[in-house]
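Everything below concerns the one structure shown next.
In the numbering used here, the protein residues as written are 625 to 762.
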């Protein structure tokens, strides 16, 4: 990330996307995956259009310029990625970092109907703010 001043934030490889688990195997399989992949991908990055909010690293200069997360919920990482790109920053994924994240663990405690209403409300808030569906830039 320090190789270019235009890189302001980075994210990591994730074991799931949109709640679909890609690594369903046991811990030993995850270790095997990370042992092989992280060595092979050491020092490698990939440009991204959108980062995943559960684990992001920000340059303090970018964070001071853009500000804090705007968190109506569920779409704060999309919002931040969009704001960073609008300010001329590029986004990176570090291919040699892996964090296992049990997706949506905090939301599983909610009633499914209540959670669906929350997601729909926050989706509407994002569209009201940006006049674009967040799915269009995934």
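Ideal placement from N, C-alpha and C gives every residue a C-beta, glycine not left out.
Between the alpha carbons of residue 711 and residue 702, how many angstroms are there, rounded? 14 angstroms
What is the DSSP secondary structure of residue 760, counted as helix, strand or coil? helix
Apply the 10 Å Cβ neighbour rule to residue 708 and answer buried if 16 or more other Cβ atoms are within range, or exposed otherwise. buried
Contacting residues, own chain, Cβ-Cβ under 7 angstroms from residue 693 (five flanking each side not counted): So the qualifying residues of the chain are 700 and 704.
Check each candidate in 630, 750, 753 and 756 and name the one with the smallest Cα separation from residue 687. 630
Whole angstroms is fine: what's the gap from residue 666's alpha carbon to residue 716's? 14 angstroms
Considering only DSSP beta bridges, list what residue 631 is partnered with. 714
Assign residue 723 to one of three DSSP states: helix, strand, or coil. coil
Can you give me the C-alpha to C-alpha distance between residue 739 and residue 720, rounded to a whole angstrom? 33 angstroms
Any beta-carbon of chain C closer than 8 angstroms to the one on residue 751? As a matter of chain content, chain C is missing from the structure shown, which is built from one protein chain.
Straight-line Cα distance separating residue 759 from residue 698: As the crow flies, the alpha-carbon of residue 698 is around 13 angstroms from that of residue 759.
Taking the beta carbon of residue 648 as the centre, do at least 16 other beta carbons fall within 10 Å, making it buried, or is it exposed? Here residue 648 scores only 49 on pLDDT, less than 50, and its place in the model should not be relied on; the value that follows carries that caveat. So residue 648 ends up on the exposed side.
Where residue 676 falls: helix, strand or coil (DSSP): coil
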